[in-house]
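Novice: Residue numbers (this note's numbering): 39 to 354.
Here a beta-carbon is modelled for each residue, glycine too, at the ideal position from N, C-alpha and C.
Every value quoted in this text rests on a predicted model; they were computed, and no experiment measured them.
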């Protein structure tokens, strides 16, 4: 995907999906919420078995015409393998509504938090907290599939495409989880955490990010603050100064600059509500990368990127 097209795709997802896309183109039943000790810095999913997954892999496939996703699953660590054949589709996330909350109410709140209207972002953040929980997902491209693992518990979830949240025909699949708990969480070589450091949003990386190995992504941000982790390879010669100069061109509330910038395609982990984690397997190659949280602050609607929530790291 050319850089200018990439800019338009991100503008579509983060700045009003329908408008931009139409203009540009074409433990027994362990809950998914982290225990309190994990939020304080202990390993996430403590007490859960880690190792190689068995048959608990579910396929999600998107095309120009629609999305194919499972409608049932059993409780426990479950890997969702995500693929797409279309550039403007396939960024599938997982959400669990609070009891009695319908999809339309959850969808409306999500639509607000991905907008570029600061008032909508702020109100939508509170509405989303009241409506349900975002449990991750993956950013994929036709040549860059990915997967995410989440611990499911009995109840109802929704799998949905962020590109179509504000569409008259959203792509969504109701997922009903029931039965006996089983499964193992893939062992991660590194942990990527979205957190606050001295009141400023930041990323931390512990362990070694290795090509072909899972990464544990955690959102340790305060209440209502969403975090995603989209990872871009850095081309030779691109410096942090180059990145910052481009970041400075963004609007405070998510408007992308006309300058396509120095980044190409970037797979990644879709947003988590605070206090939650997911394990992701991304198609990363050895070399320098930058991870970005494209979401906005629930308090003032300003992009976390504008507040410094990015990090350059090395993939081994």
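Is there contact between the region 183-201 and the region 124-135, where contact requires at least three CB pairs shorter than 8 Å?
Specialist: Segments in contact, yes.
Novice: Write down every uninterrupted run of the beta strand (DSSP E) in the region 305-334 whose length is 3 residues or greater and which is fully enclosed by it, in chain order.
Specialist: Correct list: 306-310, 315-319, 325-330.
Novice: Whole angstroms is fine: what's the gap from residue 311's alpha carbon to residue 208's?
Specialist: Each residue's Cα considered, the two are about 21 Å apart.
Novice: With 16 other CB atoms within 10 Å as the buried threshold, where does residue 244 fall?
Specialist: Per the 10 Å Cβ criterion, exposed.
Novice: Are residue 254 and residue 233 touching if we call contact CB-CB under 8 Å?
Specialist: No. Outside cutoff.
Novice: Using 8 Å as the Cβ pair cut-off and three pairs as the minimum, do the region 339-348 and the region 287-307 touch?
Specialist: Judged by Cβ distances under 8 Å, the region 339-348 makes contact with the region 287-307, as three or more pairs qualify.
Novice: Alpha carbon to alpha carbon, how far is residue 354 from residue 324?
Specialist: The straight-line gap from Cα to Cα measures roughly 5 Å.
Novice: In chain order, which continuous runs of the beta strand (DSSP E) of length 3 or greater are located wholly inside the region 89-159?
Specialist: Those beta strand (DSSP E) runs which fall completely within the region 89-159 and span 3+ residues are 95-100, 114-122, 130-135.
Novice: Using a Cβ-Cβ cutoff of less than 6 Å, which residues in the same chain neighbour residue 202 once the five nearest sequence positions on both sides are dropped?
Specialist: 208, 209.
Novice: Start and end of the alpha helix (DSSP H) containing residue 282?
Specialist: Counting along the chain, the alpha helix (DSSP H) containing residue 282 begins and ends at 278-285.
Novice: Below 8 Å, can you find three or more Cβ-Cβ pairs linking the region 213-231 to the region 139-149?
Specialist: These segments do not touch.
Novice: Quick check on this structure: which residue in 348, 284, 177, 222 has the alpha carbon closest to the alpha carbon of residue 128?
Specialist: Nearest of 348, 284, 177, 222 to residue 128, Cα basis: 177.
Novice: Under 8 Å by Cβ, that's how I've got residue 186 and residue 126 pegged, so tell me the actual separation to the nearest angstrom.
Specialist: So it is not a contact: roughly 20 Å between Cβ atoms.
Novice: Can you find the residues in the same chain that come closer than 8 Å, C-beta to C-beta, to residue 278, ignoring five residues on each side of it along the sequence?
Specialist: Closer than 8 Å at the Cβ level, and outside the excluded window around residue 278, lie 350.
Novice: Considering only C-alpha positions, which residue in the set 221, 264, 249, 315 is nearest to residue 347?
Specialist: Nearest of 221, 264, 249, 315 to residue 347, Cα basis: 264.
Novice: Would DSSP call residue 162 helix, strand or coil?
Specialist: Helix at residue 162.
Novice: Kindly give me the distance between the Cβ atoms of residue 179 and residue 308, rounded to whole angstroms, as I take these residues to be in contact under 8 Å.
Specialist: In fact, because the Cβ distance is near 14 Å, the residues do not count as touching under 8 Å.
Novice: Which same chain residues end up closer than 6 Å to residue 106 when comparing Cβ atoms and leaving out the 5 residues on each side of it in sequence?
Specialist: Taken in chain order, the residues that qualify are 99.
Novice: Determine the direct distance from the alpha carbon of residue 270 to that of residue 157, and round the result to whole angstroms.
Specialist: Taking the straight line from one Cα to the other gives about 30 Å.
Novice: Is it true that the CB of residue 172 sits closer than 8 Å to the CB of residue 131?
Specialist: A contact, by the Cβ cut-off of 8 Å.
Novice: How many Å lie between residue 298 and residue 220 at the Cα?
Specialist: The straight-line gap from Cα to Cα measures roughly 45 Å.
Novice: At what residues does the beta strand (DSSP E) containing residue 176 begin and finish?
Specialist: First-last of the beta strand (DSSP E) with residue 176: 170-177.
Novice: Below 8 Å on the Cβ atoms is my contact criterion, and I expect residue 345 with residue 266 to pass it. Report the Cβ-Cβ distance as a whole number of Å.
Specialist: With a Cβ gap of about 15 Å, residue 345 and residue 266 do not count as contacting.
Novice: Would the beta-carbon of residue 227 fall within 8 Å of that of residue 251?
Specialist: Against a cut-off of 8 Å, the Cβ pair of residue 251 and residue 227 comes out as a contact.
Novice: Quick check on residue 153: buried or exposed, where buried means 16 or more other Cβ atoms within 10 Å of its Cβ?
Specialist: So residue 153 counts as buried.
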